[in-house]
Each structure stands twice: as structure tokens, then as C-alpha cells.
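Be aware that the sequence shown starts at 1, since it is given in full-length UniProt numbering, and climbs by one per residue. For each residue, glycine too, the CB sits at the ideal point set by N, CA and C. Bear in mind that the values here come from a model prediction, so they are computed numbers and not experimental data.
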Amino acid sequence: MSMQGAGTGKDPLRSSAPQWVKSSGRTVSVTFGRLTASHRLLPSFLVVGGQRCGTTALHRALIAHPVVAGPVLHKGVNYFDLGYHRGPEWYRGHFPLRVTARRRAAGAHLPVPGSASGAPEPQAMESSGYYLYHPLALPRIRQDLPDVRLIVMLRDPVERAYSAYKHGLARGFETEPTFEGALELEESRLAGEEQRLRTDPSYVSHSHRHHAYLTRGRYVEQLRRLYDVFDPGQVHVVASEDFSTRPEPVFAGILDFLGLPAWRPASFERYNARPGKPLPEPLRRRLDDHFAPYDEELAQLLGHPPVWRRPAVSVRSADPGEPAR
Numbered sequence: 001m002s003m004q005g006a007g008t009g010k011d012p013l014r015s016s017a018p019q020w021v022k023s024s025g026r027t028v029s030v031t032f033g034r035l036t037a038s039h040r041l042l043p044s045f046l047v048v049g050g051q052r053c054g055t056t057a058l059h060r061a062l063i064a065h066p067v068v069a070g071p072v073l074h075k076g077v078n079y080f081d082l083g084y085h086r087g088p089e090w091y092r093g094h095f096p097l098r099v100t101a102r103r104r105a106a107g108a109h110l111p112v113p114g115s116a117s118g119a120p121e122p123q124a125m126e127s128s129g130y131y132l133y134h135p136l137a138l139p140r141i142r143q144d145l146p147d148v149r150l151i152v153m154l155r156d157p158v159e160r161a162y163s164a165y166k167h168g169l170a171r172g173f174e175t176e177p178t179f180e181g182a183l184e185l186e187e188s189r190l191a192g193e194e195q196r197l198r199t200d201p202s203y204v205s206h207s208h209r210h211h212a213y214l215t216r217g218r219y220v221e222q223l224r225r226l227y228d229v230f231d232p233g234q235v236h237v238v239a240s241e242d243f244s245t246r247p248e249p250v251f252a253g254i255l256d257f258l259g260l261p262a263w264r265p266a267s268f269e270r271y272n273a274r275p276g277k278p279l280p281e282p283l284r285r286r287l288d289d290h291f292a293p294y295d296e297e298l299a300q301l302l303g304h305p306p307v308w309r310r311p312a313v314s315v316r317s318a319d320p321g322e323p324a325r
């Protein structure tokens with residue numbers, strides 16, 4: 001069963017169309033969007049990561065909400081990490097027209113306590129799992145959208161790393177035939193890449209984006225960088241495992257954080273999960289040991305242990321899935 005208002009997420013006509021038709025359609029849409037940018041919404045909240053932490057499922061649930069408007073073409077625009085040189089009109093052109101979003105929100109007839117008009121104001125959003133990790137993305141977001149609210153999804157870093165490897169291998173982003181081999185290569189692949197990204201804003205690093213299996217799982221480092229830029233009150237951290245096992249209360253908490261009217265989809269689903277061989281236990285234990293000190297620091301930062309470190313809890317069976325960002 002698909003989520004209410006979200007459908008399957010795929011248009012059969014678009015999926016079967018030739019590539020040149022898709023490219024032409026995107027070009028026309030982006031050009032028109034740029035020309036009408038001043039009449040379009042800007043995001044009031046973003047899902048900034050992490051990669052392979054279930055952000056696709058959350059994104060689909062959020063854009064099904066009648067008051068929420070996502071990008072016209074894709075889940076994420078990748079503006080603040082990969083496309084910043086294109087400029088603010090290009091970015092804003094990806095979002096719905098304000099009048100269209102208001103019409104949809106008003107048609108939902110959702111109660112809005114304290115609203116003079118009785119109609120909820122639409123909110124735009126996008127999701128990119130690379131925003132949390134890219135060294136320039138968060139300062140750029142702070143500069144352009146200072147009042148934006150940010151949602152961060154975290155997942156057992158061992159499971160996240162293995163899921164990212166399987167996804168990268170399937171999509172052609174990874175060429176190393178074994179996970180252990182990719183882990184061994186990570187340090188050399190990433191050497192100097194973050195510094196180059198900082199010094200050359202036009203640089204795009206394939207390895208930084210796709211091969212940071214261990215580094216992306218050191219969540220405390222990324223959250224500290226986030227809190228250096230944004231007030232903690234603008235940030236809501238969600239455990240992927242909690243969203244998978246208790247979606248209703250977790251989603252309700254997100255809506256409350258965003259100031260959105262209470263609502264829920266017909267169902268919550270996982271997207272783009274990558275089945276495959278289970279991670280060998282010796283390697284799992286080795287990776288658990290690697291992440292243990294980072295998870296301890298994360299617990300201090302969050303004020304509670306991350307869900308994957310809670311005693312007597314097994315949350316490793318589900319792969320929430322998401323496209324690489």
C-alpha cells in the first residue's frame with residue numbers, strides 16, 4: 001500500500017520515456033522555474049542526512065502531508081553541496097509556485113490552532129544526505145536560510161556503512177569487490193579531499209561523496225559541526241531505527257518540531273533497501289569497536305545513548321534504504 005497522497009513515487013510514462021525526453025523536460029522545468037523564482041516557495045526545513053539512514057522514507061511521508069511541498073523534480077536539489085555555483089534563482093526554481101502550494105494546503109481543511117485565516121501556510125522542503133557531511137554545505141545553508149529547521153536521521157553506523165557499500169556497488173559508484181577492501185582503501189581515497197573541497201568551491205569529489213564508509217558514521221563530528229553553525233533548537237535528530245519500528249509517534253514528533261498540523265499517511269514504507277549477504281560477525285565486531293568511542297561522545301552530545309547502543313535492543317534487521325547523495 002502506498003502512502004496517502006504520495007502514490008508510488010514513480011510516473012510510468014516518465015519512467016518509460018526516452019532519456020532525451022526526460023532531459024528536455026528537466027531543462028524546460030528548470031528554466032521555467034528560474035524565470036518564476038520570485039513566485040516560488042523557499043524551504044523552511046531540510047532533511048540534511050545522513051546517507052543510507054532512511055531519509056527517503058521520511059521524505060516521502062513528509063511530502064505526502066498536504067501542507068508540505070517538495071522539489072518539483074527530485075527528492076533533493078543538491079544545491080548547497082554540489083550546485084551552489086548555479087545561484088539562488090536556480091535553487092528556488094525547483095520548488096512549487098506559492099499559489100499552487102497554498103491552494104493544496106487550503107484544500108486539506110486541516111485545523112490550525114491560532115491561525116486567523118484558518119488555513120495552514122504551506123512549507124517547502126528538500127532532502128540531501130550529503131548536506132550533513134559536505135564541509136561547505138551547512139555554512140551555506142546558514143547564510144541563505146538562517147531560520148531554516150533541520151532534520152538529521154542517524155542509523156547504526158556499522159549497518160549504515162555496509163548498506164552504503166552495497167548501494168554503491170550496485171549503482172557503479174564503488175568498484176572494490178569486497179567491503180573489507182573498500183574499508184582498507186577509505187583513508188587513501190579520502191586523503192586531502194575535504195581540504196580541497198574547502199579551498200575550491202567548484203570541486204566535486206567522487207570519493208568524498210561515495211566512499212566515506214567509516215567517516216560518515218562518526219556522527220558526533222558532523223553534529224558538532226552542525227551545532228557550531230546552527231542553534232540546537234533548529235535541529236531535530238531522529239534515529240532511523242525508531243522511525244522504522246515506531247513511525248507514528250516519531251513522525252508526530254517531527255510534525256510538532258516543524259509546527260505542522262497533525263496528520264499521518266496511510267502507511268509508512270521503506271524505499272531502495274539493498275538486500276544481500278549479512279555482514280560477517282568478526283567484521284561487525286571490529287567495526288563496532290571502531291565506532292564505540294564516537295558513539296560514547298555522541299551519547300554525551302545527545303544526552304542519551306543512540307538506539308543501537310541501548311542494552312537488549314536488536315534493531316539491525318531492516319535496511320531503510322535511500323539513494324546516494
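Quiz item: Secondary structure at Leu145, three-state DSSP: helix, strand or coil?
Solution: The answer is coil: DSSP assigns Leu145 none of H, G, I, E or B.
Practice problem: Pull up the DSSP beta-bridge partners for Ser38, would you. | Solution: Per DSSP, none; premise fails for Ser38.
Quiz item: Does DSSP classify Glu184 as helix, strand or coil?
Solution: Helix, per DSSP.
Quiz item: Tell me which same chain residues have a C-beta within less than 8 Å of the C-beta of Val68, skipping the five on either side of it?
Solution: So the list reads Leu62, Pro122, Gln123, Ala124, Met125, Leu260, once near-sequence residues are dropped.
Quiz item: Grouping DSSP H, G and I as helix and E and B as strand, with all else coil, what is Glu176?
Solution: In the structure shown, Glu176 sits in coil (DSSP, three-state: anything other than H, G, I, E or B).
Quiz item: DSSP on Pro43, reduced to helix/strand/coil?
Solution: Assignment of Pro43 by DSSP, reduced to helix, strand and coil, places it in the strand class.
Practice problem: In angstroms with no decimal places, state the Cα-to-Cα distance between Met153 and Gly107. | Solution: So the two alpha carbons sit approximately 31 Å from each other.
Practice problem: For Glu281, I'd like the list of residues in its chain whose CB is within less than 8 Å of its CB, leaving aside the five on either flank, ordered along the chain. | Solution: Answer for Glu281: no residue qualifies.
Quiz item: Exposed or buried, which one is Gly129 when buried takes at least 16 other CB atoms within 10 Å?
Solution: Burial call: buried.
Quiz item: Can you tell me whether Lys166 is buried or exposed, with buried defined as 16 or more other CB within 10 angstroms of its CB?
Solution: Answer is buried; the Cβ neighbour count reaches 16.
Quiz item: By how many angstroms is the C-alpha of Arg225 removed from the C-alpha of Gly49?
Solution: Looking at the backbone, the Cα of Gly49 and that of Arg225 are separated by about 13 Å.
Quiz item: Nearest to Gly168 by CA position, among Leu58, Gln51, Val238, is which residue?
Solution: It is Gln51 whose Cα lies nearest to the Cα of Gly168.
Quiz item: If you draw a straight line from the alpha carbon of Gly233 to that of Val148, how long is it in whole angstroms?
Solution: Computed Cα separation, rounded: 11 Å.
Quiz item: Is DSSP giving Gln123 helix, strand or coil here?
Solution: Collapsing the DSSP output to three states places Gln123 in a strand.
Quiz prompt | Option in His74, His59, Phe80 with minimal Cα separation from Ser202 | solution = Here the closest residue by C-alpha is Phe80.
Quiz item: Of all the options Phe230, Arg104, Asp295, which has the alpha carbon lying nearest to the alpha carbon of Arg140?
Solution: Per the Cα distances, Phe230.
Self-check item: Close-in-space but distant-in-sequence residues of the same chain around Arg309 (CB under 6 Å, 5 per side omitted)
Solution: Cβ neighbours of Arg309 beyond the five flanking positions: Asp295.
Exercise. Could you name the residues of the same chain whose beta carbon sits closer than 8 Å to that of Val77, not counting the 5 residues immediately before and after it, in chain order?
Key: Answer for Val77: Pro71, Gly83, Tyr91, His94, Glu126, Ser128, listed in chain order.
Exercise. For Ile151, write down the residues that DSSP places opposite it in a beta bridge.
Key: According to DSSP, which records beta bridges pairwise, Ile151 is partnered with Val47, His236.
Exercise. Please confirm whether Tyr213 and Ala170 have their CB atoms less than 9 Å apart.
Key: The answer is no: Cβ separation not under 9 Å.
Quiz prompt | Contacts around Pro311, its chain only, beta-carbon distance under 6 Å, and the 5 residues preceding and following it disregarded | solution = Same-chain partners within the cutoff: there are none.
Exercise. Under 8 Å by Cβ, that's how I've got Leu145 and Leu42 pegged, so tell me the actual separation to the nearest angstrom.
Key: Correct: roughly 7 Å between the Cβ atoms.
Self-check item: Three-state class that DSSP yields for Ala161 in the structure shown
Solution: In the structure shown, Ala161 sits in a helix (DSSP, three-state: H, G or I).
Quiz item: Can you list, in chain order, the residues of its chain whose CB lies under 8 Å from that of Arg218, leaving out five sequence neighbours each side?
Solution: Excluding sequence neighbours, Arg218 sits near Pro157, Phe291, Tyr294.
Quiz item: What is the DSSP secondary structure of Leu97, reduced to helix, strand or coil?
Solution: Leu97 falls in the strand class under three-state DSSP.
Practice problem: Might you give, ordered along the chain, the residues of its own chain that have their beta carbon closer than 7 Å to the beta carbon of Arg142, omitting 5 neighbours on each side? | Solution: Sequence-distant partners of Arg142 (beyond 5 residues in either direction) whose C-beta falls short of 7 Å from its own C-beta, in its chain, are Val229, Phe230.
Quiz prompt | Test item: CB-CB of Glu193 and Ser207 under 9 Å | solution = Yes. Within cutoff.
Exercise. To the nearest angstrom, report how far apart residue 393 and Leu150 are at their CA atoms.
Key: The structure shown does not extend to residue 393, since the chain spans only 1 to 325, so no value can be given for it.
Quiz item: What residue range is occupied by the uninterrupted alpha helix (DSSP H) comprising Thr199?
Solution: From DSSP, the alpha helix (DSSP H) with Thr199 extends over 193 to 199.
Practice problem: Would you mind sorting Gln300 into buried or exposed? The rule is 16 or more other CB atoms within 10 Å of its CB. | Solution: It is exposed - the Cβ of Gln300 has fewer than 16 other Cβ atoms within 10 Å.
Quiz item: How long is the line joining the alpha carbons of Cys53 and Val250, rounded to whole angstroms?
Solution: C-alpha separation (whole angstroms): 15 Å.
Quiz item: Do Val235 and Tyr227 come within 9 Å of each other at the CB atom, strictly closer than that value?
Solution: It is a contact, given that the beta carbons lie within the stated cut-off.
Exercise. Could I get the ranges of all uninterrupted beta strand (DSSP E) runs contained in the segment 207 to 255, with 3 residues as the minimum, in chain order?
Key: DSSP runs (the beta strand (DSSP E)) wholly in the segment 207 to 255: 235 to 239.
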